[in-house]
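Below you'll find the structure, written out as C-alpha coordinates, and then a few comments.
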Amino acid sequence: MGRQLATGHTGQAFANAHRVWDAERFLHLPGEGTVQSALLHSDTLVHVANTYYATVHFPATAAFLVWLYLRRPTHYVWARRVLALVTAAALAGHLTFPLAPPRLLAESGLLDTGQLFGPSVYGAHPATDAMANQFAAMPSLHFGWALMVAIGLIAATRSRWRWLWLLHPLLTLLVIVGTANHYWLDSVVAAALLCLALAVIHAPHRTATTALRGQEHARAGIPAQDRPELVGAGR
(Lines of atoms letter the chains of each structure in order from A and count residues from 1; the text may use other names and numbers.)
(Lines give C-alpha, C1' and ligand atoms only; values in the text may rest on other atoms or scores of the structure.)
Protein backbone atom coordinates (compact mmCIF):
# COMPACT_ATOMS: atom_id res chain seq x y z
CA MET A 1 0.00 0.00 0.00
CA GLY A 2 2.87 2.32 0.82
CA ARG A 3 4.47 1.69 -2.55
CA GLN A 4 1.19 2.43 -4.32
CA LEU A 5 1.10 5.82 -2.60
CA ALA A 6 4.43 6.62 -4.27
CA THR A 7 3.45 5.54 -7.77
CA GLY A 8 2.69 7.85 -10.67
CA HIS A 9 5.63 10.27 -10.39
CA THR A 10 6.99 9.32 -13.79
CA GLY A 11 8.89 12.50 -14.65
CA GLN A 12 10.57 12.73 -11.26
CA ALA A 13 11.38 9.01 -11.27
CA PHE A 14 13.25 9.25 -14.57
CA ALA A 15 14.98 12.49 -13.59
CA ASN A 16 16.24 10.77 -10.44
CA ALA A 17 17.29 7.76 -12.51
CA HIS A 18 19.56 9.94 -14.61
CA ARG A 19 21.03 11.46 -11.45
CA VAL A 20 21.75 8.04 -9.94
CA TRP A 21 23.23 6.76 -13.21
CA ASP A 22 25.50 9.82 -13.49
CA ALA A 23 26.49 9.53 -9.82
CA GLU A 24 27.58 5.91 -10.31
CA ARG A 25 29.72 6.87 -13.29
CA PHE A 26 31.22 9.75 -11.28
CA LEU A 27 32.06 7.31 -8.48
CA HIS A 28 33.55 4.87 -11.02
CA LEU A 29 31.29 2.04 -9.88
CA PRO A 30 31.30 -1.01 -12.16
CA GLY A 31 28.59 -0.91 -14.78
CA GLU A 32 25.46 -2.95 -14.11
CA GLY A 33 25.81 -4.17 -17.67
CA THR A 34 28.84 -6.26 -16.67
CA VAL A 35 26.67 -8.49 -14.50
CA GLN A 36 23.87 -8.64 -17.04
CA SER A 37 26.27 -9.59 -19.83
CA ALA A 38 27.42 -12.56 -17.75
CA LEU A 39 23.81 -13.68 -17.26
CA LEU A 40 23.00 -13.33 -20.95
CA HIS A 41 25.51 -16.02 -21.85
CA SER A 42 22.82 -18.56 -20.99
CA ASP A 43 19.04 -18.36 -21.34
CA THR A 44 18.79 -20.82 -18.46
CA LEU A 45 20.94 -18.64 -16.21
CA VAL A 46 18.82 -15.60 -16.96
CA HIS A 47 15.64 -17.55 -16.24
CA VAL A 48 17.08 -18.78 -12.94
CA ALA A 49 18.02 -15.21 -11.98
CA ASN A 50 14.53 -13.95 -12.82
CA THR A 51 12.98 -16.80 -10.83
CA TYR A 52 15.24 -16.05 -7.85
CA TYR A 53 14.20 -12.40 -7.97
CA ALA A 54 10.50 -13.27 -8.20
CA THR A 55 10.23 -16.13 -5.71
CA VAL A 56 12.95 -16.00 -3.03
CA HIS A 57 12.52 -12.53 -1.51
CA PHE A 58 9.33 -12.97 0.54
CA PRO A 59 9.44 -16.73 1.29
CA ALA A 60 13.04 -16.61 2.53
CA THR A 61 12.33 -13.69 4.85
CA ALA A 62 9.12 -15.29 6.12
CA ALA A 63 10.88 -18.61 6.75
CA PHE A 64 13.63 -16.74 8.61
CA LEU A 65 11.14 -15.04 10.92
CA VAL A 66 9.14 -18.22 11.53
CA TRP A 67 12.32 -20.15 12.42
CA LEU A 68 13.44 -17.42 14.81
CA TYR A 69 9.98 -17.29 16.41
CA LEU A 70 10.04 -21.03 17.06
CA ARG A 71 13.69 -21.53 17.97
CA ARG A 72 15.17 -18.15 18.96
CA PRO A 73 12.33 -15.99 20.34
CA THR A 74 14.55 -13.19 21.65
CA HIS A 75 16.29 -12.91 18.30
CA TYR A 76 12.88 -13.01 16.61
CA VAL A 77 11.75 -9.87 18.43
CA TRP A 78 15.01 -8.13 17.52
CA ALA A 79 14.91 -9.16 13.84
CA ARG A 80 11.24 -8.28 13.48
CA ARG A 81 11.83 -4.78 14.79
CA VAL A 82 14.89 -4.24 12.62
CA LEU A 83 13.03 -5.38 9.50
CA ALA A 84 10.06 -3.19 10.37
CA LEU A 85 12.28 -0.14 10.84
CA VAL A 86 14.21 -0.75 7.62
CA THR A 87 11.02 -1.33 5.65
CA ALA A 88 9.40 1.84 7.02
CA ALA A 89 12.51 3.86 6.15
CA ALA A 90 12.54 2.31 2.67
CA LEU A 91 8.91 3.21 2.07
CA ALA A 92 9.68 6.78 3.13
CA GLY A 93 12.48 6.74 0.56
CA HIS A 94 10.13 5.51 -2.13
CA LEU A 95 7.76 8.38 -1.35
CA THR A 96 10.42 11.11 -1.31
CA PHE A 97 12.75 9.78 -4.01
CA PRO A 98 10.84 7.90 -6.74
CA LEU A 99 13.36 6.15 -8.98
CA ALA A 100 12.95 4.32 -12.26
CA PRO A 101 15.01 1.09 -12.32
CA PRO A 102 17.82 0.70 -14.88
CA ARG A 103 15.70 -1.66 -17.03
CA LEU A 104 13.44 1.33 -17.78
CA LEU A 105 16.29 3.78 -18.38
CA ALA A 106 17.25 3.85 -22.05
CA GLU A 107 20.59 5.45 -21.22
CA SER A 108 21.65 2.33 -19.31
CA GLY A 109 21.45 0.09 -22.38
CA LEU A 110 20.18 -2.73 -20.15
CA LEU A 111 17.48 -5.27 -20.99
CA ASP A 112 14.37 -6.04 -19.00
CA THR A 113 15.24 -9.70 -18.53
CA GLY A 114 11.96 -10.41 -16.72
CA GLN A 115 9.89 -9.37 -19.72
CA LEU A 116 12.20 -10.99 -22.27
CA PHE A 117 12.94 -14.32 -20.60
CA GLY A 118 10.46 -14.58 -17.71
CA PRO A 119 9.20 -14.84 -15.15
CA SER A 120 8.43 -11.21 -14.36
CA VAL A 121 6.72 -9.77 -11.30
CA TYR A 122 5.98 -6.47 -13.01
CA GLY A 123 3.61 -5.36 -15.73
CA ALA A 124 4.96 -4.44 -19.13
CA HIS A 125 4.15 -0.77 -18.50
CA PRO A 126 4.60 0.96 -15.12
CA ALA A 127 1.45 3.05 -15.56
CA THR A 128 -0.74 -0.04 -15.85
CA ASP A 129 0.90 -2.09 -13.10
CA ALA A 130 -1.73 -2.44 -10.36
CA MET A 131 0.32 -4.76 -8.12
CA ALA A 132 3.57 -2.87 -7.58
CA ASN A 133 5.21 0.51 -7.89
CA GLN A 134 7.98 0.15 -10.46
CA PHE A 135 9.45 3.49 -9.41
CA ALA A 136 10.49 2.22 -5.97
CA ALA A 137 14.04 1.17 -6.83
CA MET A 138 15.86 2.98 -4.01
CA PRO A 139 16.54 1.58 -1.52
CA SER A 140 16.40 -2.08 -2.50
CA LEU A 141 14.35 -4.04 0.02
CA HIS A 142 15.37 -7.19 -1.84
CA PHE A 143 18.95 -6.59 -0.74
CA GLY A 144 18.16 -5.06 2.64
CA TRP A 145 15.99 -7.97 3.72
CA ALA A 146 18.43 -10.56 2.36
CA LEU A 147 21.30 -8.96 4.27
CA MET A 148 19.24 -8.93 7.47
CA VAL A 149 18.36 -12.61 7.02
CA ALA A 150 22.06 -13.44 6.81
CA ILE A 151 23.02 -11.23 9.76
CA GLY A 152 20.15 -12.59 11.84
CA LEU A 153 21.04 -16.22 11.21
CA ILE A 154 24.71 -15.58 11.90
CA ALA A 155 23.82 -13.88 15.19
CA ALA A 156 21.31 -16.52 16.28
CA THR A 157 23.32 -19.65 15.46
CA ARG A 158 26.71 -21.02 16.43
CA SER A 159 27.57 -23.33 13.54
CA ARG A 160 31.00 -22.92 11.97
CA TRP A 161 29.19 -22.78 8.61
CA ARG A 162 26.85 -19.94 9.57
CA TRP A 163 28.89 -17.37 7.62
CA LEU A 164 27.76 -19.09 4.42
CA TRP A 165 24.43 -17.33 4.93
CA LEU A 166 26.16 -14.28 3.44
CA LEU A 167 25.80 -16.01 0.08
CA HIS A 168 22.11 -15.10 0.17
CA PRO A 169 22.62 -11.31 0.04
CA LEU A 170 25.52 -11.77 -2.38
CA LEU A 171 23.38 -13.77 -4.79
CA THR A 172 20.52 -11.32 -4.29
CA LEU A 173 22.81 -8.40 -5.15
CA LEU A 174 24.00 -10.05 -8.36
CA VAL A 175 20.43 -10.96 -9.31
CA ILE A 176 18.86 -7.55 -8.74
CA VAL A 177 21.66 -5.84 -10.65
CA GLY A 178 21.92 -8.44 -13.43
CA THR A 179 18.18 -8.37 -14.09
CA ALA A 180 18.37 -4.55 -14.23
CA ASN A 181 15.85 -4.11 -11.44
CA HIS A 182 18.25 -2.10 -9.29
CA TYR A 183 21.34 0.09 -9.41
CA TRP A 184 24.38 -0.61 -7.25
CA LEU A 185 23.53 2.47 -5.18
CA ASP A 186 20.11 1.04 -4.31
CA SER A 187 21.86 -1.70 -2.37
CA VAL A 188 24.36 0.71 -0.81
CA VAL A 189 21.50 2.81 0.57
CA ALA A 190 19.67 -0.30 1.80
CA ALA A 191 22.79 -1.50 3.60
CA ALA A 192 23.24 1.94 5.19
CA LEU A 193 19.65 1.94 6.46
CA LEU A 194 20.14 -1.54 7.88
CA CYS A 195 23.31 -0.45 9.68
CA LEU A 196 21.39 2.45 11.25
CA ALA A 197 18.58 0.14 12.32
CA LEU A 198 21.05 -2.32 13.85
CA ALA A 199 22.70 0.54 15.72
CA VAL A 200 19.36 1.59 17.19
CA ILE A 201 17.97 -1.89 17.92
CA HIS A 202 20.62 -4.01 19.60
CA ALA A 203 20.77 -7.77 19.23
CA PRO A 204 20.11 -9.84 22.37
CA HIS A 205 22.96 -11.69 24.03
CA ARG A 206 22.47 -15.44 23.72
CA THR A 207 24.55 -17.51 26.10
CA ALA A 208 25.14 -21.25 26.05
CA THR A 209 22.90 -21.56 29.14
CA THR A 210 19.92 -19.81 27.57
CA ALA A 211 20.42 -21.73 24.35
CA LEU A 212 20.29 -25.02 26.25
CA ARG A 213 17.22 -23.93 28.18
CA GLY A 214 15.53 -22.86 24.96
CA GLN A 215 16.06 -26.31 23.49
CA GLU A 216 14.77 -27.99 26.66
CA HIS A 217 11.64 -25.85 26.71
CA ALA A 218 11.02 -26.48 23.02
CA ARG A 219 11.20 -30.23 23.61
CA ALA A 220 8.84 -29.86 26.59
CA GLY A 221 6.31 -28.04 24.43
CA ILE A 222 6.41 -24.81 26.43
CA PRO A 223 5.09 -21.90 24.31
CA ALA A 224 7.70 -19.35 23.30
CA GLN A 225 5.97 -16.53 25.17
CA ASP A 226 6.16 -18.50 28.45
CA ARG A 227 9.85 -19.35 28.27
CA PRO A 228 12.15 -17.62 30.79
CA GLU A 229 14.83 -16.86 28.18
CA LEU A 230 12.63 -14.07 26.86
CA VAL A 231 14.58 -11.73 29.15
CA GLY A 232 15.78 -8.92 26.94
CA ALA A 233 13.06 -9.36 24.31
CA GLY A 234 11.92 -5.83 24.93
CA ARG A 235 15.08 -4.36 23.50
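Under my numbering, residue 244 is the last one in the sequence shown; the count climbs by one each step, no gaps. Cβ atoms here follow ideal geometry from the backbone N, Cα and C, with glycine treated the same way.
Listed in chain order, the non-local C-beta contacts of residue 172 below 7 Å within the same chain comprise 163, local neighbours out to five positions each way being set aside. Within the DSSP secondary-structure output, residue 145 pairs in a beta bridge with 108.
Taking 9 Å as the cut-off, the Cβ atoms of residue 189 and residue 111 count as close.
Following the DSSP letters along the chain, one finds residue 31 inside the alpha helix (DSSP H) bounded by residues 19 to 35. Residue 66 and residue 35 have their C-alpha atoms spaced approximately 31 Å apart.
Around residue 203, the same chain offers 95, 153, 156 and 157 as residues with beta carbons nearer than 7 Å, after the five sequence neighbours per side are excluded.
Taking residue 113 as reference, the option from 27, 205 and 214 with the minimal CA-CA separation is 27. Each residue's CA atom was taken as its position, placing residue 121 and residue 201 some 27 Å apart. Residue 182 has its alpha-carbon roughly 13 Å from the corresponding atom of residue 43. Relative to residue 186, the option among 58, 25, 37 and 53 whose CA is nearest is 58. Taking the Cα positions, residue 69 is about 11 Å away from residue 62. The beta carbon of residue 21 is closer than 7 Å to those of 107 in its chain, skipping five residues each way along the sequence. The Cβ-Cβ distance between residue 212 and residue 149 does not fall below 9 Å. Residue burial annotation: residue 102 is buried, with at least 16 other C-beta atoms found within 10 angstroms of its C-beta. Residue 126 and residue 56 have their C-alpha atoms some 6 Å from each other. Rounded to whole angstroms, the gap between the alpha carbons of residue 90 and residue 205 is 13 Å.
In the assembly as shown, residue 79 is an exposed residue. Its beta-carbon has fewer than 16 other beta-carbons within 10 Å. Counting other Cβ atoms within 10 Å of its Cβ, residue 119 reaches 16 or more and is therefore classed as buried.
As the crow flies, the alpha-carbon of residue 167 is around 12 Å from that of residue 161. From the listed residues 192, 144, 54 and 74, the smallest Cα separation to residue 18 is found for 144.
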